[in-house]
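Engineer: In this note's numbering, the protein residues as written are 56 to 358.
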Amino acid sequence: MLPSEPTAPKRPVYCRSLTPEQQKELLDVLNSERFLDCSPREVYATLLDEQVYLASWRTMYRLLHKNQEVRERRKIRRHPAYIRPELAASGPKQVWTWDITYLKGPQRGQFFYLYVVIDIYSRLVVGWLIADRECEELARRLLEQSYRKQGVQPSQLTVHADRGAAMKSKSVQQLLADLDVQMSHSRPRVSNDNPFSEAGFKTMKYSSGFPARFATLEEAEAFCCVYFAWYNEKHHHTGIALLTPSQVHYGEAEAALAARHAFLLTVYEVTPERFSRGRPQLERLPETVWINRPAEAVSAATS
56 MLPSEPTAPK RPVYCRSLTP EQQKELLDVL NSERFLDCSP REVYATLLDE
106 QVYLASWRTM YRLLHKNQEV RERRKIRRHP AYIRPELAAS GPKQVWTWDI
156 TYLKGPQRGQ FFYLYVVIDI YSRLVVGWLI ADRECEELAR RLLEQSYRKQ
206 GVQPSQLTVH ADRGAAMKSK SVQQLLADLD VQMSHSRPRV SNDNPFSEAG
256 FKTMKYSSGF PARFATLEEA EAFCCVYFAW YNEKHHHTGI ALLTPSQVHY
306 GEAEAALAAR HAFLLTVYEV TPERFSRGRP QLERLPETVW INRPAEAVSA
356 ATS
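The following block contains the structure:
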């Protein structure tokens, strides 16, 4: 006769599961007005202090999960889904971008504030000012003066900026609404949404004559007067076929590019060996300048 296999001792059976009535009572407590914004651990601890025990906090979590109620229960700020700005300009005075940067003052921790407005198509600095503070009234004045000076027509322009206090101020928003100017803002902490202003500040701060500090506000203003005159009239920008912003903004680009091309052709006729790519081609400005070019536009341009 074969020996029988040893059997494991039977474990005692505990009835731990909450009954449907107990589950309903616990859910009612968890979702009550008192505990609606509390985590299960907080509910558990509060009830224990009142000498009430309904279930462990782990059971509370399991019951909430079973009923698809496991989520952030506290009343916290919900950040909206910010839309990726996509702006296009096919000529001057269609899209402007503006920002404020710090210029170091005479002492550590002291700054001057430089406000700059740039046309993204021509790269022209259409307006700027420097002050000892960041102020929405100064920003409003600069935008209005730039608008009037450039002769912008209603519903012609979009102004893009980041989400700084001056950019989102009510006075600036009211001005743009009165002028029939569209507003656009970068997403929070996304510097690529304002690339033209960022690049403009970098060009200035990396220029050879840019000082480490400015002794006075007047000194900073004098530097900016000279710098922006050079930038608009003399700086040959790689993004606009090595023309100056002024040439592009004021309609001189085609004549300048044609004159360059004619000269290169004469040089080519004399010394063609110096042109590794063959006969020079006429350079052209980009048809459209983008902030965050959409994917479909990229594929259409490369196809």
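Beta carbons are placed, not taken as given, at the ideal position from N, Cα and C, and that holds for glycine.
(1) Where does Thr101 fall in DSSP's three states?
(2) Residues in its own chain within less than 6 angstroms of Pro46 by CB, not counting five upstream and five downstream?
(3) So which of Glu309, Lys159, Glu80, Asp233 has the shortest CA-CA distance to Asn202?
(4) Look at Glu191 and Ser239 and say whether their C-beta atoms are less than 7 angstroms apart.
(5) In chain order, what residues of the same chain have a beta carbon less than 7 angstroms from the beta carbon of Ser226, not counting five sequence neighbours either side?
(6) When the Cα atoms are used, what is the spatial distance from Tyr116 to Thr213?
(7) Could you name the residues of the same chain whose beta carbon sits closer than 6 angstroms to that of Tyr137, not counting the 5 residues immediately before and after it, in chain order?
(8) Round the Cβ separation of Val84 and Leu118 to the nearest angstrom and send it over; I've been treating them as touching at under 8 angstroms.
(9) Cβ of Lys260 versus every heavy atom of the ligand SAM: is any distance shorter than 6 angstroms?
(10) Using alpha carbons as the reference points, say which of Tyr168, Ser301, Val325 lies closest to Gln335.
(11) In the DSSP assignment, what residue or residues form a beta bridge with Trp285?
(12) Our contact map puts Glu199 next to Ala221 with C-beta atoms below 8 angstroms; I'd like the distance itself, whole angstroms only.
(13) To the nearest angstrom, how far is it from the Cα of Tyr286 to the Cα of Thr299?
(14) Start and end of the alpha helix (DSSP H) containing Phe318?
(15) What whole-angstrom Cβ distance do Arg268 and Gly160 have, given they're in contact under 8 angstroms?
(16) For His291, I'd like the list of residues in its chain whose CB is within less than 8 angstroms of its CB, leaving aside the five on either flank, ordered along the chain.
(17) Quick one: using the 10 Å Cβ neighbour count with 16 as the cut-off for buried, is Val180 buried or exposed?
(18) Which residues does DSSP list as the beta-bridge partners of Asp154?
(19) What does the alpha-carbon distance come out to for the pair Gln123 and Val344?
Structural biologist: The short version:
(1) Residue 101 sits at position 46 when you count from the first residue of the sequence shown. Three-state result, Thr101: helix.
(2) Residue 46 cannot be examined here, being either before or after the span of the chain that is shown, 56 to 358.
(3) Here residue 202 refers to the residue found at position 147 when the sequence shown is read from its first residue. Here residue 202 is Tyr; the residue named in the question, Asn, does not match the sequence. Nearest option by C-alpha distance: Asp233.
(4) Position 136 of the sequence shown, counted from the start, is the residue given in the question as residue 191. Position 184 of the sequence shown, counted from the start, is the residue given in the question as residue 239. Taking 7 angstroms as the Cβ cut-off, Glu191 and Ser239 do not qualify as a contacting pair.
(5) Residue mapping note: residue 226 aligns to position 171 of the sequence shown, counting from 1. Here the set comprises Glu191, Glu192, Arg195.
(6) Mapped onto the sequence shown, residue 116 falls at position 61. Mapped onto the sequence shown, residue 213 falls at position 158. Roughly 50 angstroms separates the two Cα atoms.
(7) Position 82 of the sequence shown, counted from the start, is the residue given in the question as residue 137. Arg242.
(8) As a first step, residue 84 is located in the sequence shown; it is residue number 29 there, counting from the start. As a first step, residue 118 is located in the sequence shown; it is residue number 63 there, counting from the start. About 11 angstroms separates the Cβ atoms of Val84 and Leu118, ruling out a contact at the 8 angstroms cut-off.
(9) Of ligands this structure carries none, so the ligand SAM is not represented either.
(10) Walking along the sequence shown from the start, residue 335 turns up at place 280. Per the sequence shown, residue 335 should be read as Pro rather than Gln. Residue Val325 holds the alpha-carbon nearest to the alpha-carbon of Pro335 among Tyr168, Ser301, Val325.
(11) For the purposes of this step, residue 285 is taken as the residue at position 230 of the sequence shown. Bridge partners of Trp285: none, in fact.
(12) Taking the sequence shown and counting its residues from 1, the one referred to as residue 199 is at position 144. Taking the sequence shown and counting its residues from 1, the one referred to as residue 221 is at position 166. The beta-carbon distance between Glu199 and Ala221, rounded to whole angstroms, is 14 angstroms. This is too long to meet the 8 angstroms contact definition.
(13) Position 231 of the sequence shown, counted from the start, is the residue given in the question as residue 286. Position 244 of the sequence shown, counted from the start, is the residue given in the question as residue 299. Tyr286 and Thr299 have their C-alpha atoms roughly 8 angstroms apart.
(14) What you label residue 318 is simply residue 263 of the sequence shown in a count that begins at 1. It spans 308-325 - the alpha helix (DSSP H) in which Phe318 sits, taken as one unbroken run.
(15) One-based indexing of the sequence shown puts residue 268 at position 213. One-based indexing of the sequence shown puts residue 160 at position 105. Correct: roughly 7 angstroms between the Cβ atoms.
(16) In the sequence shown, the residue the question calls residue 291 occupies position 236. Excluding sequence neighbours, His291 sits near Leu297, Leu298, Thr299.
(17) Translated into positions along the sequence shown, residue 180 becomes position 125. Result: buried.
(18) Here residue 154 refers to the residue found at position 99 when the sequence shown is read from its first residue. Beta-bridge pairing links Asp154 to Val171.
(19) As a first step, residue 123 must be located in the sequence shown, where it is residue number 68. As a first step, residue 344 must be located in the sequence shown, where it is residue number 289. Distance from the CA atom of Gln123 to the CA atom of Val344, rounded to whole angstroms, is 48 angstroms.
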